[in-house]
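Let me begin by presenting the structure, written as structure tokens, before commenting on it.
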Amino acid sequence: MVRVLNSGDSRIPRDARLLTIDKNPLNDIFDYFFYNDSTKKRNLVFTMNGSKKVISLNPGEDINIILEEPRYKKCENDCDYCFIKGLPAGLRKELYFRDDDYRLSFIFGNFLSLTNLTDEDIARIIKMRLSPLYVSVHTTNPILRSRLFKNKRAELIVEQLRKLIEGDIKIHCQVVVIPGLTDGINIEKTVNDLFRLFPGVSSVGIVPVGKTKFLKKFSGVNKKLALKIVKDTNLMHLNFRKKVNRGFVYIADEFFIKAGIPIPERDYYDEFYQYENGIGMVRQLLDEIDSIKCLNKISGKFLFVTGELAYPFINYLKKKLASKKLFIDVLPVKNRFFGDMVTVSGLLTGNDIYNALRLTAKKYDRIILPPNCVNDNGKFLDDFNLNGINYIVSPYSIKELLLWLQ
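When we follow the working numbering, the leftmost residue of the sequence shown carries the number 7, and every step to the right adds one.
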């Protein structure tokens, strides 16, 4: 059953429970949306004050209710490289929840391990057509994967992927590169094993491990390893493109930047299958910058704040925007909270940004912060308040940002 949090329908009091729709039991709000087909007649069974009530809905008719959110599955693994597990105290409360839930994977593209997936879960995923899903594979070597996740069920990955694919579920996989563990021959074998499941496995993203000063059991990706990964994966990428007209394997922007190699052209990314995984973000940014036109309406002095990784690209934006009426400075902020290995703007804390801004002597009409340094409520990772600073958080689109600056 699912609890009603609020109701705009006089027949249904708040705190009623929705039991079934057409005799189909409801476990969560996903079942509600799946079975509540407004093109058909439906019978909804509620329990109210200890008694049941049936409400019949005709085709095209619906009810105005708000249902409770599901309780999402927690991660059962104990990975040494887990970014969340290594977080220190004092950050936003929600950051400490280690989710591993197929529903969040379907909605938001969160990567899941499949180690807590039951046969019932797989049947439900297939029945409800929760596709695509995003899966952290890292390796198809069952012994190594079990050791990485510290979970015996991690060995079942290929079998689980096959079951989902047989149910016509599309899957995007990722391999996190942990030097000495999941690099080298592991990447080649894992990518080729996953390609055997194509087109069910639609893409494989290769990303660097998130090495912070709080995670000490492994090293981060250096320039030498980044160069090797660029070279090795490019050979596979070109081979797959010849076979299936798709690159299939794509690597994170960070590898190209660390290796000192130009970001690939747009064609490399095909449909940008793993954009939210940091694969293709820089290419999209560069394409947006190159398409900028007509800046006559923008004037003033602005400071663009960014992480160290994106600094050269925001500098490129600065040069593109240069005019007699528009003055721009770019400030790369060093990540002192997480350590030198963390250079992405999305992991900058409010305190690190504030301390960097305190060292700037110039006055600006507006300070522009990167779009991914706050959550949807405008909160930094550390809940720090930039009181007294005239800033805005940039939208993700350069075109939209320029409209804001007019």
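All C-beta atoms in this analysis are idealised placements derived from N, C-alpha and C, irrespective of residue type, glycine included.
Original post:
Count the other CB atoms within 10 Å of the CB of residue 143; is the residue buried (16 or more) or exposed (fewer)?
Top reply: buried
Subject >> Strand pairing of residue 49, partner residues [DSSP] >> reply: 62
**OP:** Tell me where the alpha helix (DSSP H) around residue 409 begins and ends.
**Re:** 404-411
Original post:
Which whole runs of the alpha helix (DSSP H) in the region 316-365 are 4 residues long or more, in chain order?
Top reply: 317-327 and 356-364
Original post:
Counting pairs of Cβ atoms below 8 angstroms between the region 184-199 and the region 214-233, do you hit three or more?
Top reply: yes
**OP:** Could you pull out every residue in the same chain whose Cβ sits closer than 6 angstroms to the Cβ of residue 357, ignoring the five residues on either side in sequence?
**Re:** 388 and 390
Subject >> Three-state secondary structure assigned by DSSP to residue 188 >> reply: coil
Subject >> Same chain, Cβ closer than 7 angstroms to residue 360, five either side skipped, listed in chain order >> reply: 390 and 392
**OP:** To the nearest angstrom, report how far apart residue 69 and residue 31 are at their CA atoms.
**Re:** 18 angstroms
**OP:** Check whether the region 116-125 touches the region 147-161, counting contact only when three or more Cβ pairs, one atom from each stretch, lie closer than 8 angstroms.
**Re:** yes
Original post:
Relative to the alpha-carbon of residue 97, which residue among 200, 286, 343 and 376 has its alpha-carbon at the smallest distance?
Top reply: 343
Original post:
What separation, rounded to the nearest whole angstrom, lies between the Cα atoms of residue 141 and residue 103?
Top reply: 18 angstroms
Original post:
If you compare alpha carbons, which of 240, 49, 87 and 341 is closest to residue 269?
Top reply: 240
Original post:
Does the separation of the CB atoms of residue 313 and residue 363 fall below 9 angstroms?
Top reply: no
Original post:
Where DSSP assigns a beta bridge to residue 180, which residues make up the other side?
Top reply: 142 and 211
**OP:** Please confirm whether residue 309 and residue 336 have their CB atoms less than 9 angstroms apart.
**Re:** yes
**OP:** Classify residue 206 as buried or exposed, calling it buried when 16 or more other Cβ atoms lie within 10 Å of its own Cβ.
**Re:** buried
Subject >> Own chain, CB closer than 8 angstroms to residue 94, minus 5 neighbours either side, in chain order >> reply: 220
Subject >> Cβ-based burial, residue 412 [other Cβ within 10 Å; buried from 16] >> reply: exposed
**OP:** Note down, one range per segment and in chain order, each alpha helix (DSSP H) of at least 4 residues found wholly within the region 65-142.
**Re:** 108-114 and 125-134
**OP:** Give the range of the alpha helix (DSSP H) segment to which residue 229 is assigned.
**Re:** 229-250
Subject >> Assigned secondary structure, residue 30 (DSSP; H/G/I helix, E/B strand, else coil) >> reply: strand
**OP:** On a CA-only basis, which of 332, 62 and 7 is nearest residue 53? Give me that one, please.
**Re:** 7
Original post:
Grouping DSSP H, G and I as helix and E and B as strand, with all else coil, what is residue 12?
Top reply: strand
**OP:** Would you kindly work out how many angstroms separate the C-alpha atoms of residue 229 and residue 263, rounded to a whole number?
**Re:** 9 angstroms
Original post:
Touching or not, the region 75-82 and the region 51-67, by the rule of three or more beta carbon pairs under 8 angstroms?
Top reply: no
Original post:
How big is the Cα-Cα spacing for residue 283 and residue 291?
Top reply: 15 angstroms
Original post:
Does the Cβ-Cβ distance between residue 377 and residue 338 come in under 9 angstroms?
Top reply: no
Original post:
Looking at C-alpha atoms only, which residue of 42, 174, 236 and 293 is the closest neighbour of residue 256?
Top reply: 236
Subject >> For residue 196, the three-state DSSP class (helix, strand or coil) >> reply: helix
Original post:
For residue 369, which of helix, strand or coil comes out of DSSP?
Top reply: coil
Original post:
Of the residues 355, 341, 305 and 171, which one's Cα is nearest the Cα of residue 333?
Top reply: 305
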